[in-house]
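In what follows, a single structure is set out as structure tokens and then discussed.
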Amino acid sequence: MSSKPPADAPRDLASAHEATAQQLAASVEELFRGGERARRLVVRAGPVWQVLSTRREAKGKGLRHAATKSSRLPDSHKLDATRAMGMRELGFEKVGGHADWFRDLERAHVGAALELARELVYVARGLYRASEQLALDLEIDDREHPENPELLEAMRRIAKPGFAEADRHAMYNAMANATFLVAVDPAATAATDPEDALLRVGELRAQPVFAAFTDFDALRAFAPLEREYLPFHGSELFALLEEKGAASVLINPEGSVGGELYRHEIAALAEGVRRFFRKRSN
9 MSSKPPADAP
19 RDLASAHEAT
29 AQQLAASVEE
39 LFRGGERARR
49 LVVRAGPVWQ
59 VLSTRREAKG
69 KGLRHAATKS
79 SRLPDSHKLD
89 ATRAMGMREL
99 GFEKVGGHAD
109 WFRDLERAHV
119 GAALELAREL
129 VYVARGLYRA
139 SEQLALDLEI
149 DDREHPENPE
159 LLEAMRRIAK
169 PGFAEADRHA
179 MYNAMANATF
189 LVAVDPAATA
199 ATDPEDALLR
209 VGELRAQPVF
219 AAFTDFDALR
229 AFAPLEREYL
239 PFHGSELFAL
249 LEEKGAASVL
259 INPEGSVGGE
269 LYRHEIAALA
279 EGVRRFFRKR
289 SN
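Quick note on numbering: the sequence shown equals residues 9 to 290 in my numbering.
So this is what it looks like as structure tokens:
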């Protein structure tokens with residue numbers, strides 16, 4: 009028996025939720041009305057989320073549609089093999105074992121807002137079996153996002169066997185000169201000092217572990233729902249992490265290029281920056 013969902017499954021299921029589909033369609037249309045660097049429509053049903061995002065700098069594609077991987081979900085909402093096949097039949101894929109589901113839609117598809125809205129309902133109700141009320145949140149972001157190609161290339165060289173020690177030093181130098189994005193703790197308020205608002209992602213030997221991201225896509229791969237983030241230049245970030253007693257910092261966790269710096273490496277980077285500024289001031 010084929011596990012492929014019927015071609016009209018999104019339409020049929022959404023017909024029972026037409027008011028929801030209409031509301032979603034209006035929000036999808038709103039997603040494309042502005043010219044900001046990034047717009048995101050977050051659609052939640054209990055623990056299940058989907059994110060539609062558009063970026064001004066996207067080439068050839070108009071929209072990325074991401075959806076929750078099963079490991080983020082309680083057992084009641086996890087995808088079994090049949091429903092995972094249903095995701096693939098809609099064009100979703102996963103890159104690596106840790107990635108969320110995603111698909112990239114051509115700009116020509118974007119005009120069919122109601123069709124896409126019905127697919128959103130089908131994914132939530134039919135595939136994830138989420139019965140909770142759908143909640144919508146349109147995020148508009150015109151901040152400039154770093155890309156850090158030199159740092160990413162340096163990290164790729166270090167990941168290969170037989171790298172030279174000069175490659176390690178080049179990576180550290182690129183880190184000190186890069187601008188990172190750091191997610192803000194959702195519990196932080198407007199009155200919270202930004203230095204106290206950084207999201208802790210774990211502990212190591214009872215000391216905090218933080219995460220830093222080289223670009224916007226890497227940040228959203230790890231923290232797809234956290235709305236706020238802060239940019240930090242490497243010359244500031246590593247000194248701050250040292251001050252906070254960080255056991256380590258994860259670089260691009262969940263990303264295709266990443267790693268982990270431990271306490272002694274954080275301290276060495278912070279001290280290297282301090283030596284640079286002392287020399288420059290003399």
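We put the beta carbon where it would ideally sit given N, CA and C, even for glycine. What you are looking at is a predicted structure, and each value in this text was computed from that prediction instead of being measured.
Asked, Found
"What is the DSSP secondary structure of residue 94, counted as helix, strand or coil?", "helix"
"What separation, rounded to the nearest whole angstrom, lies between the Cα atoms of residue 186 and residue 99?", "35 Å"
"Report buried or exposed for residue 266, applying the criterion of at least 16 other Cβ atoms within 10 angstroms of its Cβ.", "buried"
"The alpha helix (DSSP H) that contains residue 34, what's its start and end?", "26-39"
"Pull up the distance between the alpha-carbon of residue 288 and that of residue 263, whole angstroms please.", "35 Å"
"With DSSP collapsed to three states, give me the class of residue 83.", "helix"
"Use the C-beta contact count for residue 103: other C-beta atoms within 10 angstroms, 16 or more gives buried, fewer gives exposed.", "exposed"
"Can you pull the DSSP bridge partners for residue 177?", "Residue 177 pairs with nothing; no bridge assigned."
"Just reading off the alpha helix (DSSP H) that residue 208 is part of, what are its end residues?", "Here residue 208 belongs to no alpha helix (DSSP H); instead the beta strand (DSSP E) covers 208-212."
"Under 8 Å, do residue 122 and residue 94 count as touching if we go by C-beta distance?", "no"
"State the DSSP-derived secondary structure class of residue 147, mapped to helix, strand or coil.", "strand"
"Taking residue 28 and residue 57 to be in contact with their CB atoms under 8 Å, please state how far apart those CB atoms are, rounded to whole angstroms.", "Contact doesn't hold; Cβ gap of about 16 Å is too wide."
"Just reading off the alpha helix (DSSP H) that residue 280 is part of, what are its end residues?", "271-289"
"Please confirm whether residue 150 and residue 45 have their CB atoms less than 8 Å apart.", "yes"
"Compare the beta carbon distance of residue 178 and residue 198 with 8 Å and say whether it is the shorter of the two.", "no"
"What residue range is occupied by the uninterrupted alpha helix (DSSP H) comprising residue 249?", "242-251"
"Is it the case that the stretch 216-224 contacts the stretch 251-262, given that we only count it when at least three CB pairs across the two stretches are under 8 Å?", "yes"
"Just how far apart, CA to CA, sit residue 286 and residue 111?", "49 Å"
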